[in-house]
Ligand SMILES: [Zn+2]
């Protein structure tokens with residue numbers, strides 16, 4: 173699943189080709205067919221990421237929300253160029269006079285007004301996103317503290333606590349912060365909480381920077397490295413299941 177930095181990186185690329193342009197849209201999701209006609213000729217005001225969601229603001233105020241879930245992907249094609257994926261797998265086509273941006277195999281595509289989005293129980297009410305200007309550490313801590321009994325490794329994956337963190341970031345954040353993923357939120361000190369937020373910002377930013385500069389994953393130390401020596405202390409990295417996800421940790425460095 174695409175984590176926040178990957179979504180932000182793609183949103184930047186989409187913004188370049190779509191913003192300010194008149195659109196034609198093809199919604200290949202059965203339940204959206206009835207709104208398709210009402211979207212033609214609108215302009216794309218902005219393309220933004222919030223956590224793992226793409227939020228595309230249209231000139232009539234509605235928002236096109238896309239979530240790639242596990243298997244979805246975007247492609248941007250020059251108009252008229254051949255596609256490298258089968259046309260029947262396209263779920264959403266956003267065309268301008270120069271480009272076509274296509275979502276393949278994404279289960280979530282919605283067209284919502286601002287107030288519909290805000291009141292949507294699953295897709296609205298996202299936690300602060302460390303890659304957005306409106307990020308608030310205070311708000312993250314408030315949302316974390318509402319879940320005192322949860323293990324931190326599980327709480328960090330909750331998009332309504334902090335948006336954009338997926339399994340890779342979760343593992344690396346807790347490794348850098350030196351915290352065992354199985355610790356309960358209530359048992360973390362203020363300093364540990366602050367370290368978690370700091371590493372969330374630092375690693376999200378590092379990942380996005382690497383994507384922008386076509387470099388790869390120099391910030392990953394433990395994800396998928398079970399049995400390999402910890403880069404800090406040399407102990408073999410362990411793994412275990414937590415909330416249905418594989419979690420990695422150094423038994424020595426993470427307390
Ligand atoms: Zn270690």
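In our numbering, the protein residues as written are 173 to 427.
In this text, a Cβ means the ideal position worked out from N, Cα and C, and glycines have one as well.
Please read all numbers here as calculations on a predicted model, not as lab measurements.
Determine the extent of the alpha helix (DSSP H) in which residue 307 is found, giving its start and end residues.
Position 135 of the chain shown, counted from the start, is the residue given in the question as residue 307. Careful: residue 307 lies outside any alpha helix (DSSP H) and carries neither H nor E.
What's the gap between the Cα of residue 304 and the Cα of residue 336?
Along the chain shown, read from residue 1 onward, the residue named residue 304 stands at position 132. Along the chain shown, read from residue 1 onward, the residue named residue 336 stands at position 164. Rounded to the nearest angstrom, the two C-alpha atoms are 10 Å apart.
Reduced DSSP secondary structure (H/G/I, E/B, other) of residue 178
Walking along the chain shown from the start, residue 178 turns up at place 6. Of the three classes helix, strand and coil, the one that applies to residue 178 here is helix, per DSSP.
Could you have a look at residue 250 and say whether DSSP puts it in helix, strand or coil?
In the chain shown, residue 250 corresponds to position 78, counting from 1. Strand at residue 250.
Suppose the cutoff is 8 Å on Cβ atoms and the five residues either side in sequence are ignored; what does the same chain contact list for residue 329 look like?
Taking the chain shown and counting its residues from 1, one reaches residue 329 at position 157. Taken in chain order, the residues that qualify are 337, 338, 339, 342, 415 and 417.
Three-state secondary structure (DSSP) of residue 260
Stepping through the chain shown from its first residue, residue 260 is reached at position 88. Residue 260 falls in the helix class under three-state DSSP.
Between the C-alpha atoms of residue 380 and residue 276, what's the straight-line distance to the nearest angstrom?
As a first step, residue 380 is located in the chain shown; it is residue number 208 there, counting from the start. As a first step, residue 276 is located in the chain shown; it is residue number 104 there, counting from the start. Cα to Cα, residue 380 sits roughly 23 Å from residue 276.
Which residues mark the beginning and the end of the alpha helix (DSSP H) in which residue 370 is found?
Taking the first residue of the chain shown as position 1, residue 370 is located at position 198. Where residue 370 is concerned, the enclosing alpha helix (DSSP H) stretches over 362 to 384.
May I ask whether a heavy atom of ligand 1 can be found less than 6 Å away from the beta carbon of residue 404?
Within the chain shown, residue 404 is the residue found at index 232, counting from 1. Yes; taking the cut-off as 6 Å, the Cβ of residue 404 has a heavy atom of ligand 1 nearer than that.
Residue 229 in three-state terms, based on DSSP:
Position 57 of the chain shown, counting from 1, holds the residue named residue 229. It is a strand residue.
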